[in-house]
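Written out below as structure tokens is the structure these notes cover.
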Amino acid sequence: MTHGLRIAREALSIDSVSRSEVLRYLGYQGQPLSPELDRRIDDTVARCIAIAQPRMSLASYALREIGEQGVALESCTLRLTGHDIVEHLADACEVVLFATTLGVGIDRELRRLSLTDTLEQVIFDAAATALVERAADAAEAQARAYAAAAGAFTSWRFSPGYGDLPLDVQGDFLAALDATRQLGITLTPSSLMVPTKSVTALVGIHPTVQPGLVSSCSICSLSDFCTIRQTGRTCRG
Amino acid sequence: MDSISVATITPFGHQALRTPRVRDEHLARVLAGKDFLLFDGAMGTQLQARGLAAGEIPELLCLTNPQEITEIHAAYVAAGSEVVTTNTFGANRTKLAGHATVDEIFAAAIGCARASGARYVAADIGPTGALLQPMGTLSFDDAYELFAEQVRAADAAGADLFIIETMADLAEAKAALLAAKENSDLPIFVTMTFDEDGRTFLGTTPEVAAATLSALGADVVGINCSLGPADVAPLVKRMMAWASCPVMAQANAGLPHVHDGQTLYSIKPGEYCEAVKGMLDFGVTIIGGCCGTSPDFIAGEKALLVGREVAARRLSTDFAVTSAQQLVNIPAGHVGVIGERINPTGKKRLKEALRSGNHDYVMGEAISQTDAGAQILDVNAGLPEIDERATLVRLISELQGVTTLPLQIDSSDPAAIEAAVRLYPGKPIINSTNGKQEVLDAVLPIAKHYGCAIVCLTLDEQGIPATAEGRLAVARRIVSACDEIGIPRQDVVIDCLAMAVSTDQSAPHAILEAIRLVKRELSGVRCVLGVSNISFGLPFRPLVNATFLSAAFAAGLDLAIVNPMNERLMDVVNSWRVLSGEDESAQAYVSAYAGRSDAPSAATGAPAFDTTTSEGIAKTLGSMADTLQQIASRVAGAPLQQTASQDAKPQVSAPDGNTPEGQIRDLVLAGRKGPVPDAVRLILADTDPAHDSMYVINEVLIPALDEVGARFEKGTFFLPQLMASAEAAKAGFTVLRESASASDVPSKGKIALATVKGDIHDIGKNIVRMLLENYGYDVIDLGRDVDPQAFTDVVVEHHIELAGLSALMTTTVPAMAETIELLHDQAPWCKVIVGGAVLNPEYAEMVGADFYAKDANESARIAAEVLG
Numbered sequence: 436m437t438h439g440l441r442i443a444r445e446a447l448s449i450d451s452v453s454r455s456e457v458l459r460y461l462g463y464q465g466q467p468l469s470p471e472l473d474r475r476i477d478d479t480v481a482r483c484i485a486i487a488q489p490r491m492s493l494a495s496y497a498l499r500e501i502g503e504q505g506v507a508l509e510s511c512t513l514r515l516t517g518h519d520i521v522e523h524l525a526d527a528c529e530v531v532l533f534a535t536t537l538g539v540g541i542d543r544e545l546r547r548l549s550l551t552d553t554l555e556q557v558i559f560d561a562a563a564t565a566l567v568e569r570a571a572d573a574a575e576a577q578a579r580a581y582a583a584a585a586g587a588f589t590s591w592r593f594s595p596g597y598g599d600l601p602l603d604v605q606g607d608f609l610a611a612l613d614a615t616r617q618l619g620i621t622l623t624p625s626s627l628m629v630p631t632k633s634v635t636a637l638v639g640i641h642p643t644v645q646p647g648l649v650s651s652c653s654i655c656s657l658s659d660f661c662t663i664r665q666t667g668r669t670c671r672g
Numbered sequence: 004m005d006s007i008s009v010a011t012i013t014p015f016g017h018q019a020l021r022t023p024r025v026r027d028e029h030l031a032r033v034l035a036g037k038d039f040l041l042f043d044g045a046m047g048t049q050l051q052a053r054g055l056a057a058g059e060i061p062e063l064l065c066l067t068n069p070q071e072i073t074e075i076h077a078a079y080v081a082a083g084s085e086v087v088t089t090n091t092f093g094a095n096r097t098k099l100a101g102h103a104t105v106d107e108i109f110a111a112a113i114g115c116a117r118a119s120g121a122r123y124v125a126a127d128i129g130p131t132g133a134l135l136q137p138m139g140t141l142s143f144d145d146a147y148e149l150f151a152e153q154v155r156a157a158d159a160a161g162a163d164l165f166i167i168e169t170m171a172d173l174a175e176a177k178a179a180l181l182a183a184k185e186n187s188d189l190p191i192f193v194t195m196t197f198d199e200d201g202r203t204f205l206g207t208t209p210e211v212a213a214a215t216l217s218a219l220g221a222d223v224v225g226i227n228c229s230l231g232p233a234d235v236a237p238l239v240k241r242m243m244a245w246a247s248c249p250v251m252a253q254a255n256a257g258l259p260h261v262h263d264g265q266t267l268y269s270i271k272p273g274e275y276c277e278a279v280k281g282m283l284d285f286g287v288t289i290i291g292g293c294c295g296t297s298p299d300f301i302a303g304e305k306a307l308l309v310g311r312e313v314a315a316r317r318l319s320t321d322f323a324v325t326s327a328q329q330l331v332n333i334p335a336g337h338v339g340v341i342g343e344r345i346n347p348t349g350k351k352r353l354k355e356a357l358r359s360g361n362h363d364y365v366m367g368e369a370i371s372q373t374d375a376g377a378q379i380l381d382v383n384a385g386l387p388e389i390d391e392r393a394t395l396v397r398l399i400s401e402l403q404g405v406t407t408l409p410l411q412i413d414s415s416d417p418a419a420i421e422a423a424v425r426l427y428p429g430k431p432i433i434n435s436t437n438g439k440q441e442v443l444d445a446v447l448p449i450a451k452h453y454g455c456a457i458v459c460l461t462l463d464e465q466g467i468p469a470t471a472e473g474r475l476a477v478a479r480r481i482v483s484a485c486d487e488i489g490i491p492r493q494d495v496v497i498d499c500l501a502m503a504v505s506t507d508q509s510a511p512h513a514i515l516e517a518i519r520l521v522k523r524e525l526s527g528v529r530c531v532l533g534v535s536n537i538s539f540g541l542p543f544r545p546l547v548n549a550t551f552l553s554a555a556f557a558a559g560l561d562l563a564i565v566n567p568m569n570e571r572l573m574d575v576v577n578s579w580r581v582l583s584g585e586d587e588s589a590q591a592y593v594s595a596y597a598g599r600s601d602a603p604s605a606a607t608g609a610p611a612f613d614t615t616t617s618e619g620i621a622k623t624l625g626s627m628a629d630t631l632q633q634i635a636s637r638v639a640g641a642p643l644q645q646t647a648s649q650d651a652k653p654q655v656s657a658p659d660g661n662t663p664e665g666q667i668r669d670l671v672l673a674g675r676k677g678p679v680p681d682a683v684r685l686i687l688a689d690t691d692p693a694h695d696s697m698y699v700i701n702e703v704l705i706p707a708l709d710e711v712g713a714r715f716e717k718g719t720f721f722l723p724q725l726m727a728s729a730e731a732a733k734a735g736f737t738v739l740r741e742s743a744s745a746s747d748v749p750s751k752g753k754i755a756l757a758t759v760k761g762d763i764h765d766i767g768k769n770i771v772r773m774l775l776e777n778y779g780y781d782v783i784d785l786g787r788d789v790d791p792q793a794f795t796d797v798v799v800e801h802h803i804e805l806a807g808l809s810a811l812m813t814t815t816v817p818a819m820a821e822t823i824e825l826l827h828d829q830a831p832w833c834k835v836i837v838g839g840a841v842l843n844p845e846y847a848e849m850v851g852a853d854f855y856a857k858d859a860n861e862s863a864r865i866a867a868e869v870l871g
């Protein structure tokens with residue numbers, strides 16, 4: 436039903452982030468803000484947007500096999516293991532993988548700030564986190580458009596490290612997107628991405644409409660440590 | 004980058020000094036820039052078209068499907084490729100992950116390439132796939148070892164040359180180039196990959212890549228991948244003046260993009276070759292293709308070369324140095340400023356910073372010199388009581404975090420110089436060598452091997468010659484030694500050595516004359532001078548320095564090593580640039596100095612009145628009205644600000660506090676650091692002898708911070724407010740440290756902090772550091788991705804009683820446990836706090852920690868409990 440998407444890359448143009456999201460990453464719970472801090476957050480967000488070079492690459496792969504052992508894809512070494520991803524992709528016929536990054540300029544600025552201004556580093560980091568989430572939203576939107584064009588539906592986006600999908604699939608995940616060459620995303624031996632403000636995720640392409648478009652806390656591997664839920668909210672807003 | 008002076012210098016003279024093992028006469032002509040060379044096109048996309056799965060290790064096909072690989076090579080040879088590139092892009096030990104050895108792959112790959120009948124076989128070396136420190140975790144030495152293993156394997160298997168390609172990180176390209184140069188004598192081609200914005204993913208420009216890599220000894224430099232040829236052309240053109248070797252280009256067949264749900268490379272062979280033709284016209288001599296290209300593209304390029312002559316190139320003769328992100332060039336006749344501040348000689352605070360390892364002050368000096376207009380920064384870590392080599396290496400890494408200016412590595416220890424220039428991602432200046440044979444023998448080979456510019460002092464075994472002719476004689480000997488070893492003249496910088504006029508009034512004349520002689524007699528070299536020695540022993544030294552600097556510029560000085568924060572000296576530089584014609588139409592001067600004058604009113608910042616336009620008149624009237632109002636209110640005795648006292652003490656404005664103590668408390672709670680220093684000074688200036696530094700700390704700052712902590716605990720403050728308060732308190736601590744009674748401020752104890760091995764998140768740890776410092780603890784911050792043993796060694800060395808470890812990923816918690824185990828074993832006295840997103844009290848206990856801190860505030864509370 437779909438044509439299949441070979442690896443493609445694109446520069447993204449994102450000119451704003453949600454201020455309340457930046458505040459949420461800073462642990463904000465409605466405290467009164469001084470005008471200084473208020474202005475500082477706005478300035479930092481603007482600078483973050485100016486420095487970032489958001490890019491994405493995406494590709495689709497047909498499902499070859501899905502079972503207890505995980506999900507295998509056509510023409511791709513990536514094997515998605517764990518109970519949660521199997522459940523997530525239960526009736527999918529295809530997945531769209533994507534990676535987004537803000538580029539290493541953000542890491543360089545964070546490093547500069549770590550040597551010069553810790554408070555600014557914290558605010559800049561929150562702004563960058565909000566921005567890379569926006570970039571991932573933009574990539575996800577392309578995946579949805581791709582599905583919609585073929586009359587199909589997508590499930591919510593699922594990232595390595597979420598639920599019991601291990602972080603060590605990251606190497607094959609990036610390879611499936613040629614992400615080192617296309618976007619400059621590299622991996623440390625402990626499977627962390629550099630540039631650090633990078634997101635990898637996938638959505639399933641399903642023949643039927645999917646129940647929800649957001650992930651849930653129930654399978655989140657960080658739920659034991661979560662400080663956001665204590666405030667009555669979740670990291671999805 | 005300014006305009007550049009050029010001269011036609013092809014073929015490439017000084018490159019002949021590293022004599023590569025060249026397979027035949029044709030390749031020798033290619034390397035001399037006299038002939039063309041045609042490479043092949045893509046391997047990867049050809050393999051994918053034949054069904055290679057994404058993520059498969061393509062290099063293994065050399066072992067499992069050698070015929071298929073040879074077929075791809077042979078198709079390129081049939082289309083006209085003189086060089087085929089082995090299928091070894093990712094064939095390093097890490098990426099092969101034990102599926103085959105590096106030796107096996109290179110032997111098989113070179114066999115496949117040879118079997119195609121190609122004239123030359125290029126051993127392909129791609130990036131490691133990991134990012135180097137400091138942004139990533141791979142060390143330069145480990146990257147070097149990965150590349151060296153590939154180089155040895157390829158050389159042993161009979162490759163004709165190396166093609167190091169698709170590099171985005173100049174440091175990694177340098178590691179690969181050095182590995183090739185130091186483990187083989189085959190020719191080395193190096194290409195980097197650039198994005199639409201004209202920089203690599205890591206920020207390197209084509210000029211920087213060309214200047215740095217050709218200085219380092221690459222036989223060919225160029226661009227590959229990323230973009231289509233029409234986009235590559237203007238970028239490779241920017242390399243032409245700066246590459247002292249032939250230049251190559253292997254573009255993609257456009258960018259992969261989605262069209263109607265399909266991914267396509269957009270460019271067809273005809274369009275591709277049209278763009279390549281343009282590159283040949285401006286002097287590119289080595290061509291081929293990258294992703295998306297096929298034998299059809301190569302056949303088209305082959306046709307372009309038939310009957311074509313190599314185009315003449317114009318190379319820059321500017322003095323040029325680079326950082327990874329910036330090329331600084333000083334054309335002949337222009338002047339440059341080297342910032343001198345990062346040198347501990349005679350600087351108490353810098354000495355203290357280098358000794359303690361807390362380099363914040365050094366970073367501050369780098370930033371202010373950059374802002375003040377320095378173009379290059381001198382870096383000297385020469386203190387007898389510290390490990391100069393280790394300190395220099397660390398400083399150079401840290402400085403790149405705060406400035407993009409190229410660095411001048413300043414040391415008298417050749418081992419320290421070599422360690423620093425080897426790791427430096429760019430083309431630095433070495434400061435310095437001199438005419439002593441022993442020093443020349445030690446330092447010149449380093450400058451040549453690592454492609455550095457070099458400062459040469461005109462002194463030798465007999466000391467500093469008193470006369471200009473004597474200095475010229477020493478300079479002549481040094482320059483001929485540089486010529487002999489192959490350091491290009493424009494990289495040789497002669498320092499005629501400024502001596503104090505107060506001890507010898509003939510000294511200035513001798514120095515200026517020496518500069519004139521050196522510039523006249525030794526064509527192509529540059530002159531540098533550390534100016535400030537001239538005024539030693541005189542009052543108001545900046546005035547003498549400035550006068551001497553203008554005279555030195557007039558004598559032909561190219562580079563001045565000065566304090567760029569000294570306005571008087573920068574005034575000389577800026578005005579000289581107008582007089583010499585460097586500052587065309589005085590544009591820079593006018594924009595910096597318009598409206599300025601020496602009149603006292605200007606110095607106090609009174610507005611310049613413009614009465615030439617109606618708008619100007621309106622503004623002028625408005626500002627006059629403001630001024631009058633201010634005067635009126637002063638006359639009437641109404642204070643412009645609420646002040647703490649009516650005497651001449653510093654004025655402090657604060658919303659509530661009536662006493663300075665109260666004001667400080669309010670300011671800390673409000674997170675407003677600006678007025679804190681004055682309030683602290685007010686207390687210290689108090690006549691009450693009890694009001695000393697300890698009083699300010701224990702009775703004012705700490706209680707305020709405790710209140711901040713309590714508010715954070717209750718949720719009435721959130722993190723940025725906690726930190727703004729800590730910043731405000733820090734402003735107070737800084738005053739205390741600088742005050743006369745600084746020695747009365749005892750340390751509250753030492754704490755070591757780190758993010759554990761494998762983890763590169765440092766924000767949480769940095770917040771903890773900031774808070775602990777502001778409570779008065781001495782914090783030794785080892786950074787991120789810290790080796791367990793290295794951390795333990797520091798704890799043992801300083802007998803540290805409290806250590807803090809941070810981990811943000813479940814995958815790095817084991818490294819935390821390992822570090823704690825080592826600490827318990829080797830430093831049993833040390834208590835350990837842990838924190839981070841993936842920890843809770845139970846996990847903390849599991850990894851063996853003594854304390855769990857859920858946030859920075861909690862860390863401060865625990866520190867108080869352990870250290871008091």
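As you go down the protein sequences, you meet chains A and B in turn.
All residue numbers in the first sequence are consecutive under my numbering, ending with 672.
All residue numbers in the second sequence are consecutive under my numbering, ending with 871.
No residue lacks a Cβ here, since even glycine has one placed at the ideal position from N, Cα and C.
Just so we're clear, the structure is a prediction, and the values are computed from it rather than from any experiment.
Check                                                                                                                                                                  : Outcome
Does ALA98/B pass the burial test, meaning 16 or more other C-beta atoms within 10 Å, or should it be called exposed?                                                  : In the sequence on display, residue 98/B carries Lys and not Ala. LYS98/B is buried by the Cβ-count criterion.
Report the three-state DSSP secondary structure of ARG352/B (helix, strand or coil).                                                                                   : helix
I'd like the ranges of any alpha helix (DSSP H) spanning at least 4 consecutive residues and lying wholly in the stretch 207-238 of chain B.                           : 209-218
In angstroms with no decimal places, state the Cα-to-Cα distance between ALA485/A and ARG675/B.                                                                        : 27 angstroms
Listed in chain order, which residues of the stretch 348-370 of chain B have Cβ atoms closer than 9 angstroms to some Cβ of chain A?                                   : HIS362, ASP363, MET366, GLY367 and ILE370
Compute the Euclidean distance between the alpha carbons of ASN860/B and ILE654/A, then round it to the nearest angstrom.                                              : 30 angstroms
If the cut is a Cβ gap below 9 angstroms, which residues of chain A does PRO259/B touch?                                                                               : ARG441, ILE442, ALA443, ARG444, SER492, ASP613 and GLN617
Could one say the Cβ of GLU471/A lies closer than 9 angstroms to chain B's Cβ atoms, at least one of them?                                                             : yes
Could you check which residue in VAL850/B, GLY466/B, THR737/B and VAL575/B has the C-alpha nearest to that of VAL338/B?                                                : VAL575/B
Taking 9 angstroms as the threshold (beta carbon to beta carbon), is VAL405/B in contact with chain A?                                                                 : yes
Could you pull out every residue in the same chain whose Cβ sits closer than 7 angstroms to the Cβ of ASP519/A, ignoring the five residues on either side in sequence? : GLY598, ASP599, LEU600 and ILE654
When you check each C-beta in the stretch 510-539 of chain A against every C-beta of chain B, which residues fall closer than 8 angstroms?                             : SER510, CYS511, THR512, LEU513, GLY538 and VAL539
Can you tell me whether GLU555/A is helix, strand or coil according to DSSP?                                                                                           : helix
If I follow the unbroken alpha helix (DSSP H) through ARG26/B, where does it start and stop?                                                                           : No alpha helix (DSSP H) holds ARG26/B; DSSP gives it neither H nor E.
On the criterion of 16 or more Cβ atoms from any shown chain inside 10 Å, does MET138/B qualify as buried, or is it exposed?                                           : buried
To which residues of the same chain is THR550/B closer than 6 angstroms at the C-beta, ignoring the five residues directly before and after it?                        : none
Closer than 7 angstroms between beta carbons: that is the criterion. Which residues of the stretch 550-579 of chain A meet it against chain B?                         : LEU550, THR551, THR553, LEU554, GLN556, VAL557, ILE558 and ASP560
LEU602/A CB to nearest chain B CB: under 9 angstroms?                                                                                                                  : yes
Kindly indicate which three-state DSSP category ARG490/A falls into: helix, strand or coil?                                                                            : strand
Can LEU398/B and HIS362/B be called in contact, C-beta distance under 9 angstroms?                                                                                     : yes
Counting only the same chain and skipping the five closest in sequence on each side, list residues whose C-beta sits under 6 angstroms from that of ALA682/B.          : VAL655, PRO663, GLN666 and ILE667
Apart from the five residues just before and just after ALA213/B, which ones in its own chain have a Cβ nearer than 7 angstroms to its Cβ?                             : VAL224, MET242, TRP245 and ALA246
Using only alpha-carbon positions, find the residue among GLU800/B, VAL105/B, LEU164/B and ASN68/B that is nearest to THR88/B.                                         : LEU164/B
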